[in-house]
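K.L.:
To start, I am sharing the structure in question, which I have written as structure tokens.
In the working numbering, the protein residues as written are 38 to 327.
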């Protein structure tokens, strides 16, 4: 089984740099198409796999594994390295590979009952200056690991982004009310710290401490700013990323957790969660010295 997975993975790696119309992975084709529209290309790719565990039932087997992809991107003569970790499930029948797919990302309903007024209702007045360099350094250090100083979650995207912003000197407020402010401490946390939808509404409505201004164009974002994603376009935001770099056109490249990735093009057109109804919110972090 391991040899079959290795061979399948090598086909995907070759597909990254091939002009063949034979499609073994739709996701890779979407990535290549997105790059082509930007006048970029994948010039080199490599992947390393790791089996986490497997299950057996009669003649069927399931293998749960992860793949660390690295893509060398050439975008208008700007070379950069994009990375992504996929969690995957392979199914075998009588030892023959019959299906290989990306594992579905778990969803959480935590914090669905919040109100904007309650989230942002605070008499605390906290002054700070946002250190974008520190936030980006943290994002680069922990994009594919979990800082043991903080609790981690199966759906960890917003928790990771909150940690990045806190590393940039954004102060916690609202403790110990989970429906108020933005904080994580004493093995507890606010909804706005960990839940993408609560985070999306908290930032542009907060009156002090960590807060943000919504902008219309992703080109207006700076390193250390954030993007929120509503993949289904149903008004409930599912994902959060942080801007860590810009491409040659001045468009954001982002880091994220859950589907761990770094220097990924902000639009997420290559994501298995992408739909034509996707909605974005571009949030520029502001402080008391902006």
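A virtual CB, placed ideally from N, CA and C, is assigned to each residue, including glycine.
Keep in mind that this is a model prediction, so the values were computed, not measured.
For residue 52, count the other beta carbons within 10 Å of its own beta carbon; 16 or more makes it buried, fewer makes it exposed. Which is it?
P.N.:
Position 15 of the chain shown, counting from 1, holds the residue named residue 52. The residue is buried, with at least 16 neighbouring Cβ atoms inside 10 Å.
K.L.:
Alpha carbon to alpha carbon, how far is residue 156 from residue 261? Give it in angstroms, no decimals.
P.N.:
Taking the chain shown and counting its residues from 1, one reaches residue 261 at position 224. Taking the chain shown and counting its residues from 1, one reaches residue 156 at position 119. Rounded to whole angstroms, residue 261 to residue 156 spans 23 Å at the Cα level.
K.L.:
Can you tell me whether DSSP reads residue 62 as helix, strand or coil?
P.N.:
For the purposes of this step, residue 62 is taken as residue 25 along the chain shown, with counting starting at 1. Reduced to three states, the DSSP call for residue 62 is coil.
K.L.:
Can residue 267 and residue 166 be called in contact, C-beta distance under 8 Å?
P.N.:
Counting from 1 along the chain shown, the entry for residue 267 is found at position 230. Counting from 1 along the chain shown, the entry for residue 166 is found at position 129. Taking 8 Å as the Cβ cut-off, residue 267 and residue 166 do not qualify as a contacting pair.
K.L.:
Would residue 194 and residue 237 be called neighbours here (beta carbons separated by less than 8 Å)?
P.N.:
In the chain shown, residue 194 corresponds to position 157, counting from 1. In the chain shown, residue 237 corresponds to position 200, counting from 1. For residue 194 and residue 237, no; Cβs fall outside 8 Å.
K.L.:
Measuring CA to CA, which of 128, 176, 66 is closest to residue 300?
P.N.:
The sequence position of residue 300 within the chain shown is 263, counting from 1. Among 128, 176, 66, the Cα nearest to that of residue 300 is on 176.
K.L.:
Could you pull out every residue in the same chain whose Cβ sits closer than 8 Å to the Cβ of residue 183, ignoring the five residues on either side in sequence?
P.N.:
As a first step, residue 183 must be located in the chain shown, where it is residue number 146. Excluding residues within five positions, the ones whose Cβ falls inside 8 Å are 189, 193.
K.L.:
For residue 81 versus residue 54, is the C-beta spacing smaller than 8 Å?
P.N.:
One-based indexing of the chain shown puts residue 81 at position 44. One-based indexing of the chain shown puts residue 54 at position 17. In contact: residue 81 and residue 54 (Cβ atoms closer than 8 Å).
K.L.:
Using CA atoms only, rank isn't needed, just tell me which of 243, 186, 124 is closest to residue 139.
P.N.:
Translated into positions along the chain shown, residue 139 becomes position 102. For the residues 243, 186, 124, the minimum Cα distance to residue 139 belongs to 124.
K.L.:
Would you kindly work out how many angstroms separate the C-alpha atoms of residue 77 and residue 323, rounded to a whole number?
P.N.:
Locating residue 77 in the chain shown gives position 40, counting from the first residue. Locating residue 323 in the chain shown gives position 286, counting from the first residue. Roughly 32 Å between the two C-alpha positions.
K.L.:
Residue 56 to residue 197, Cα distance in whole Å?
P.N.:
Translated into the one-based positions of the chain shown, residue 56 becomes position 19. Translated into the one-based positions of the chain shown, residue 197 becomes position 160. Cα-Cα distance, rounded: 36 Å.
K.L.:
Using a 10 Å radius around the Cβ and a threshold of 16 neighbouring Cβ atoms, would you call residue 313 buried or exposed?
P.N.:
Residue mapping note: residue 313 aligns to position 276 of the chain shown, counting from 1. Flag for residue 313 reads exposed.
K.L.:
Output the distance between the C-alpha atoms of residue 36 and residue 164, rounded to the nearest integer angstrom.
P.N.:
Because the chain here runs from 38 to 327, residue 36 falls outside it and cannot be looked at.
K.L.:
Whole beta strand (DSSP E) runs in the region 259-284 with 3 or more residues, listed along the chain?
P.N.:
For the region 259-284, whole beta strand (DSSP E) runs of length 3 or above, ordered along the chain, are 263-267, 276-283.
K.L.:
Just mark residue 239 as buried or exposed, buried being the case when its beta carbon has 16 or more other beta carbons within 10 Å.
P.N.:
Indexing the chain shown from 1 puts residue 239 at position 202. Buried, by the Cβ-count rule.
K.L.:
Which residue's Cα is closest to the Cα of residue 222: 228, 213, 229?
P.N.:
In the chain shown, residue 222 corresponds to position 185, counting from 1. It is 213.
K.L.:
Compute the distance between the beta-carbons of residue 93 and residue 143, then report whether it is under 8 Å.
P.N.:
Here residue 93 refers to the residue found at position 56 of the chain shown. Here residue 143 refers to the residue found at position 106 of the chain shown. Going by C-beta atoms, residue 93 is not nearer than 8 Å to residue 143.
K.L.:
Residue 104: which of 246, 50, 95 sits nearest, CA to CA?
P.N.:
Position 67 of the chain shown, counted from the start, is the residue given in the question as residue 104. Looking at the Cα atoms, 50 is the closest of the given residues.
K.L.:
For residue 199, which residues from the same chain have a beta carbon less than 6 Å from its beta carbon, with the 5 sequence-adjacent residues on both sides left out?
P.N.:
As a working note, residue 199 is residue 162 in the chain shown. Taken in chain order, the residues that qualify are 230.
K.L.:
To the nearest angstrom, report how far apart residue 161 and residue 128 are at their CA atoms.
P.N.:
The residue labelled residue 161 in the question sits at position 124 within the chain shown. The residue labelled residue 128 in the question sits at position 91 within the chain shown. Their Cα atoms are separated by approximately 53 Å.
K.L.:
In chain order, what residues of the same chain have a beta carbon less than 6 Å from the beta carbon of residue 121, not counting five sequence neighbours either side?
P.N.:
Within the chain shown, residue 121 is the residue found at index 84, counting from 1. Within the same chain, residue 121 has close Cβ partners 106, 298.
K.L.:
Specify, as a first and last residue, the run of the beta strand (DSSP E) that residue 247 falls within.
P.N.:
As a first step, residue 247 is located in the chain shown; it is residue number 210 there, counting from the start. Where residue 247 is concerned, there is no enclosing beta strand (DSSP E), given that its DSSP letter is neither H nor E.
K.L.:
According to DSSP, is residue 25 helix, strand or coil?
P.N.:
Given a span of 38 to 327 for the chain in the structure shown, any question on residue 25 remains unanswerable.
K.L.:
If you draw a straight line from the C-alpha of residue 87 to the C-alpha of residue 102, how long is it?
P.N.:
By 1-based counting over the chain shown, the position of residue 87 is 50. By 1-based counting over the chain shown, the position of residue 102 is 65. Approximately 6 Å between the Cα atoms of the pair.
K.L.:
What is the residue span of the beta strand (DSSP E) that residue 155 lies within?
P.N.:
Taking the first residue of the chain shown as position 1, residue 155 is located at position 118. Not the beta strand (DSSP E): residue 155 falls in the alpha helix (DSSP H), residues 153-157.
K.L.:
Counting only the same chain and skipping the five closest in sequence on each side, list residues whose C-beta sits under 6 Å from that of residue 207.
P.N.:
Residue mapping note: residue 207 aligns to position 170 of the chain shown, counting from 1. The answer, listed in chain order, is 247.
K.L.:
Excluding five sequence neighbours on each side, which residues of the same chain lie with their C-beta closer than 6 Å to the C-beta of residue 171?
P.N.:
Position 134 of the chain shown holds residue 171. Result list for residue 171: 204, 205, in chain order.
K.L.:
Report the rounded CA-to-CA distance for residue 70 versus residue 154, giving the unit in angstroms.
P.N.:
Working through the chain shown from its first residue, we reach residue 70 at position 33. Working through the chain shown from its first residue, we reach residue 154 at position 117. Taking the straight line from one Cα to the other gives about 42 Å.
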